[in-house]
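Residue numbers (full-length UniProt numbering): 1 to 164.
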């Protein structure tokens, strides 16, 4: 029996560029994008604070891929949860074996303001069963300006899986 292991990634950062949506030859949507995260630290021999930025390549599939392509844009803050995966291939020009490590996202929460389409209307509800429930009419004034959408890749769960 193999020993158990854990491969879980959770990051929150800003979109580096607009997401790229493509389709496999069988028509399955794939969305790729990059998220930047920042870390502040102080060297032990100095009182200076330094900051470093990491860039994380993210891949989403199926309905989540289409949702990411619709909701995310350069600069938008986003939370992603998934697993690490490393792919390898042989470069056709150099013949060298290449590697790429990326996050295969299984959940995504779009944070911050949605991209404005030039009108002040409220955005339409998202076509997903696991989207955050819409507030009641009398609570509209108390509604937060942050749009949150969470979708599991396997579409499991439901109202009892809300993380708050």
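Heads up, the beta-carbon is just placed ideally off N, CA and C, and yes, glycines get one too.
All of these numbers come straight from a predicted model, not from anything done at the bench.
By how many angstroms is the C-alpha of residue j removed from the C-alpha of residue i?
i           : j           : result
residue 165 : residue 37  : The displayed coordinates of the chain run from 1 to 164. Any statement about residue 165 would go beyond what the structure contains.
residue 93  : residue 87  : 18 Å
residue 22  : residue 12  : 24 Å
residue 83  : residue 110 : 18 Å
residue 100 : residue 33  : 14 Å
residue 17  : residue 44  : 35 Å
residue 25  : residue 79  : 29 Å
residue 54  : residue 10  : 14 Å
residue 39  : residue 30  : 29 Å
residue 28  : residue 62  : 6 Å
residue 2   : residue 81  : 25 Å
residue 35  : residue 95  : 30 Å
Cutting at 6 Å between CB atoms, please list the residues of its own chain near residue i, excluding the five before and the five after it.
i          : result
residue 46 : none
residue 90 : 97
residue 20 : 32
residue 77 : 14, 111, 112
Go through its chain and collect everything with a Cβ distance to residue i's Cβ below 8 Å, but skip five positions before and after it.
i          : result
residue 42 : 48, 49, 50
Of all the options the options, which has the alpha carbon lying nearest to the alpha carbon of residue i?
i          : options        : result
residue 60 : 76, 39, 40, 85 : 85
Between which residues of its own chain and residue i is the CB-CB distance below 7 Å, once the five residues before and five after are set aside?
i           : result
residue 102 : 57, 58, 59, 85
residue 73  : 15, 18, 115
residue 75  : 14, 15
Flag residue i as yes if its beta-carbon sits less than 8 Å from any beta-carbon of chain C, otherwise no.
i           : result
residue 103 : The displayed structure is made up of one protein chain only, and chain C is not part of it.
The stretch 2-14 touching the stretch 64-72, judged by at least three CB pairs closer than 8 Å: no
Taking 8 Å as the cut-off, does the stretch 99-107 touch the stretch 69-76 (at least 3 CB pairs, one atom from each stretch)? no
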